[in-house]
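Accompanying notes for the structure given below.
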Amino acid sequence: LLQLEPSAMVSDACVSYGEINGMNDMIFTTINSLTQETDFFSYYRLNLFNKECPFWNDANSMCGNIACAVNTIDSEEDIPLTWRAEELSKLEGPKANHPSRNIQAERPKERPLQGELGDDVGESCVVEYDDECDERDYCIPEDEGSAGKGDYVSLVDNPERFTGYSGAGAHQVWNAIYSENCFLKPVADELDEQSLNVPMGGLQAASDFRNVLHKELQRVEGLPLDNECLEKRVFHRLLSGMHASISTHLCWDYLNQTTGQWHPNVQCFKERLLDHPERISNMYFNYALVSRAVAKLRKHLDGYTYCASDPGQDRETKKRVNKLTATLTELPQIFDEKIMFQDPNALGLKEDFRNRFRNVSRLMDCVGCDKCRLWGKLQVNGYGTALKVLFDYDETKNGENPPLRRTELVALVNTLGRISHSIAASRSMQRALLTGTTHM
Ligand code: FAD
16 LLQLEPSAMV SDACVSYGEI NGMNDMIFTT INSLTQETDF FSYYRLNLFN KECPFWNDAN
76 SMCGNIACAV NTIDSEEDIP LTWRAEELSK LEGPKANHPS RNIQAERPKE RPLQGELGDD
136 VGESCVVEYD DECDERDYCI PEDEGSAGKG DYVSLVDNPE RFTGYSGAGA HQVWNAIYSE
196 NCFLKPVADE LDEQSLNVPM GGLQAASDFR NVLHKELQRV EGLPLDNECL EKRVFHRLLS
256 GMHASISTHL CWDYLNQTTG QWHPNVQCFK ERLLDHPERI SNMYFNYALV SRAVAKLRKH
316 LDGYTYCASD PGQDRETKKR VNKLTATLTE LPQIFDEKIM FQDPNALGLK EDFRNRFRNV
376 SRLMDCVGCD KCRLWGKLQV NGYGTALKVL FDYDETKNGE NPPLRRTELV ALVNTLGRIS
436 HSIAASRSMQ RALLTGTTHM
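Numbered according to mature numbering (1 follows the signal peptide of the UniProt record, and there is no 0), the sequence shown spans residues 16 to 455.
If you want it as structure tokens, here you go:
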């Protein structure tokens, strides 16, 4: 566990584990209050149900499907309904559709959702009408290729935790995510660009996906590949770090299906995280990358208008965001994005990176459990936004920057909140293991 020593450096970032822990202690309360207590950051709009998995037929990997449930728990029928994977993965709380522009014109501005999210929700802070796409996006905008513009979902009512989603369906998604990391970066122009783009274009079936990948592997065999390049490493670390954070949350908020109690499961944490320290390291790396992106938005967020008609909420949200960005910018810079995409021989690498990330974003529609899909989509959008801010955003150039949608900002801040919580939970579970506490 040498690499998790507080003084050890998190590779690819300019910071030690101990420094990140200290930094996390400083922002934990603020980020928690933003994500748990403000309307702006606790409601997220996304297309959760209307999109089909673009890579394979996902009918057999849905958790609502009994085959998936049988896969995850030995005899699903023998346990109470509320403990079943199918039940655990369902969304809770009020949910409201996205209002269309036309309907908006007929509704009072401050209640565009007409109270569907509850009487005490400041809707002017929550509703977003613009969904303009930008070629610099790392994620697929939520309204792409589907009829509706999605639903508003409460993140507080639907915490990321154990759902029982598991088995072949979940593994297929993780495998496909990691296979996006096969950067087949040949020496420039030895592969024609069009064929390199094939796997990015939204394939319809898993077999197509595998065939193309296999063909690409064969075609480039023998060509010099830069397998160790920083960009490829960063791509892998981001996804592995996200996976590690999800695993940490499901171990932290775990349902013991024998007793029916929710509590941290330190054995789960040991097996999934601690026995693979590189996964924890990747989580710390993600913390460095995402917190740097949030810090970089300080000026932009200083001038941001959160609500159109609720000055009290607006002031409170802004105060907390400013506190967060001020703390982050006053600390030493812990991730240097300027060292990436600098190699003149790596033509098209950034585009490749972006396209692969977009594919990961599409893969979220293949996740067969509603709550997991909600948090998967939110976090991929959060990381995608962080990448956009780091590589395409320059605060000194007002007006030339890519647009930042409300959903992206909500996803970015919540993703930082998730990693922040994962790091705190991971430290607690490590302490429990060190002291021999098996039940927390
Ligand atoms: P998995 O976590 O499924 O891992 C599959 C394989 O990937 C492992 O065998 C290992 O080889 C490799 N691997 C594991 N972790 C890492 C890592 N950090 N880096 C690199 N490689 C790794 N379940 C819930 O209970 N709650 C959720 O909110 C939830 N959200 C999910 C979101 C998404 C997008 C997906 C795809 C799944 C989600 N799941 C969730 C399911 C969960 O992630 C696991 O798939 C499930 O618990 C089964 O775990 P497992 O032990 O079989 O290994």
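Idealized CB from N, CA, C, for every residue including glycine.
For residue i, the three-state DSSP class (helix, strand or coil)
i      : result
Asp152 : coil
Gln328 : helix
Asp409 : coil
Glu20  : coil
Asp207 : Low per-residue confidence applies at Asp207: pLDDT is 35, beneath 50, and the placement is therefore not dependable, though the value from the model is reported in the following sentence. Coil.
Gln282 : helix
Leu312 : coil
Leu132 : coil
Tyr319 : coil
Gln187 : helix
Trp71  : coil
Gln219 : Confidence at Gln219 is low in this model, with a pLDDT of 36, below 50, so the placement of that residue is unreliable and no value is reported for it.
Gly237 : Reliability fails at Gly237, whose pLDDT of 33 lies under 50, so the model's placement of it is uncertain and no value is given.
Ser443 : helix
Ser376 : helix
Ser262 : helix
Thr53  : coil
Pro292 : helix
Met355 : coil
Asp172 : coil
Lys105 : coil
Ser181 : coil
Val336 : helix
Asn47  : helix
Distance cut-off 7 angstroms: residue i Cβ against heavy atoms of the ligand FAD
i      : result
Arg294 : yes
Leu265 : yes
Ile35  : no
Arg287 : yes
Trp189 : yes
Ala259 : yes
Lys66  : no
Cys387 : yes
Ala183 : no
Tyr59  : no
Thr178 : yes
Gly397 : no
Ser26  : no
Ser255 : yes
Trp390 : yes
Glu175 : yes
Met444 : no
His436 : no
Ser22  : no
Val281 : no
Ser262 : yes
Val249 : no
Met379 : yes
Residue-level contact to chain C via CB, residue i, 8 angstroms cutoff
i      : result
Leu170 : Among the protein chains of the structure shown there is no chain C, as only one such chain exists.
Cross-strand partners of residue i (DSSP beta bridge)
i      : result
His436 : In the DSSP output, where bridge partners are listed per residue, His436 has none listed.
Asp166 : Leu61 and Asn112
Trp277 : Leu270
His454 : Asn280
Gly306 : Inspection of the sequence shows that residue 306 is occupied by Ser rather than by Gly. None, per the DSSP bridge assignment.
Ser26  : Looking at the DSSP assignment, Ser26 forms no beta bridge with any residue, so it has no partner.
Ser31  : Met24
Closest residue to residue i among the options (Cα-Cα distance)
i      : options                           : result
Asp358 : Leu288, Lys412 and Lys247         : Lys247
Pro174 : Glu107, Tyr319 and Arg126         : Glu107
Thr263 : Gln276, Asn280 and Arg252         : Asn280
Ile261 : Leu424, Trp390 and Gly363         : Trp390
Glu345 : Met38, Leu19 and Arg369           : Met38
Arg388 : Leu245, Val404, Val188 and Ala28  : Val188
Gln272 : Ser437, Leu393, Arg99 and Glu131  : Arg99
Asp54  : Pro417, Asp329, Ala183 and Arg446 : Asp329
Ile46  : Lys338, His454 and Phe64          : Lys338
Met379 : Glu67, Met444 and Ile35           : Glu67
Ile434 : Cys29, Val30, Ile35 and Leu19     : Ile35
Thr320 : Asp367, Asn370 and Arg421         : Arg421
Phe300 : His258, Glu286, Thr274 and Gly327 : His258
Lys164 : Asp149, Tyr180 and Val142         : Val142
Asn196 : Thr430, Arg252 and Thr178         : Arg252
Val428 : Val249, Ser57 and Gly33           : Ser57
Asp27  : Tyr193, Gln348, Gly137 and Leu343 : Gln348
(message) Measuring CB atoms only, is the stretch 276-293 touching the stretch 329-337, in the sense that at least three cross pairs come out at less than 8 angstroms?
(response) no
(message) Would you call the stretch 50-66 in contact with the stretch 165-180, where contact means no fewer than 3 C-beta pairs closer than 8 angstroms?
(response) yes
(message) Whether or not the stretch 334-354 and the stretch 296-310 are in contact is what I'm after, with contact meaning three or more pairs of Cβ atoms, one per stretch, closer than 8 angstroms; do they touch?
(response) yes
(message) Quick check: the stretch 426-440 against the stretch 180-194, are at least 3 beta-carbon pairs closer than 8 angstroms?
(response) no
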